[in-house]
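> Residue 380 is where the sequence shown starts when you use our numbering, and the numbers rise one by one after that.
Before anything else, here's the structure in question.
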Amino acid sequence: MLTTTDFLHELRRRGAKRVSRVRFRTNRNTVWSLTQRGTVLNVHSAYRLAPPSLLDAFATLAIEGGVRSAASKRAARLVGDWPEVAIAIEEARARHLARTREDPNFGRTHCSATDEQRAYLRTLYRYFNQTRFESGLPADVPVRLSRRMKSALGHMVPGERPDGSRYVIEIALNIDLMLAGNGAERIDTLLHEMAHIADYLESGSLGHGKSWRSWAHRVGCQPTTLYDRPVGRRPRRRSRVTRVPPLPPALLGP
Ligand SMILES: [Zn+2]
């Protein structure tokens, strides 16, 4: 089993000199991602058992800094199709869903929003549900604000009822998105998470696969993950953010 140091060593030995750090992730969505301008490779912890052929593929992706050429496309497919990681992710999702079944509050984000911020987010959610999703999403999904998220800008918490039917527990957004200057990313992140809702309720998928990307195109958000987006950050992690951004002109009435 590879440690992060071994993994990094294997990549650099194969010519991927830009990568300076490897992080293993066990969450339900990350298969792999390159962050911090291609210097950090995040991989699902199942890849601790990656055979040499997969390490070659990761090295190709790291050298190119993502999926750019035919060679890196092939590499991405090889890495993504590895059965071990598909199994590990399925198991993590099943465990997560089992917990939401036992405890409907499981996974809920501690909400740091003020009443005014909550009202603002509710209004935006309703507006986009109407204008981009043909009112096809549940009307009442709570949108919370998190002060704990670091690099992530948002997530959607899926739930499953005892009868196996799917519902959405909440959307959580990074509170930094409420700062002035982050308007474009705020809207894009909300649409991104709403596309996860549509995709999860329709197909049961949770990642950024084909079915999610097709929702992203349809509703007009960037069809990419939310890492490394250009957002301004609050001065200190403990700072409160109470700002309520102005609503889009269309919502302000005539
Ligand atoms: Zn996402």
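Glycine included, each C-beta is placed from N, C-alpha and C at the ideal position.
Since this is a predicted model, take the numbers as computed values, not measurements.
Identify the residues that DSSP records as bridge partners of residue 525: which are they?
Paired residue(s): 553.
> So which of 541, 547, 604 and 568 has the shortest CA-CA distance to residue 555?
Closest option to residue 555, Cα to Cα, is 568.
> Report yes if the CB atom of residue 585 is closer than 8 Å to the CB atom of residue 579, and no otherwise.
Going by C-beta atoms, residue 585 is nearer than 8 Å to residue 579.
> Give the C-beta separation of residue 553 and residue 533 to the nearest angstrom, bearing in mind that I take them to be a contact with Cβ-Cβ under 8 Å.
Correct: roughly 6 Å between the Cβ atoms.
> Looking at ligand 1, does it come within less than 7 Å of residue 423, judged from the CB to the closest heavy atom?
False, no ligand heavy atom lies under 7 Å from that Cβ.
> Verify the contact flag: residue 488, CB atom, against every heavy atom of ligand 1, threshold strictly below 7 Å.
Outside the cutoff, so no.
> Starting from residue 406, follow the alpha helix (DSSP H) in both directions and report where the run begins and ends.
Unbroken run through residue 406: none, as it is neither H nor E.
> In the DSSP output, what is residue 412 paired with across the bridge?
In DSSP, residue 412 forms a bridge with 421.
> How many Å lie between residue 384 and residue 630 at the Cα?
So the two alpha carbons sit approximately 52 Å from each other.
> Count the other C-beta atoms from every protein chain shown that fall within 10 angstroms of the C-beta of residue 488, then say buried if there are 16 or more, exposed otherwise.
Residue 488 is buried by the Cβ-count criterion.
> The beta strand (DSSP E) that contains residue 539, what's its start and end?
Unbroken beta strand (DSSP E) run through residue 539: 533–539.
> Take the Cβ of residue 469 as the centre, count every other Cβ of all protein chains shown within 10 Å, and call the residue buried at 16 or more, exposed below.
Answer is exposed; the Cβ neighbour count stays below 16.
> Which residues in the same chain have their Cβ closer than 6 Å to the Cβ of residue 536, if we skip the five residues on either side of it in sequence?
Excluding sequence neighbours, residue 536 sits near 486, 548 and 549.
> CB of residue 388 to nearest heavy atom of ligand 1: below 7 Å?
The answer is no for residue 388.
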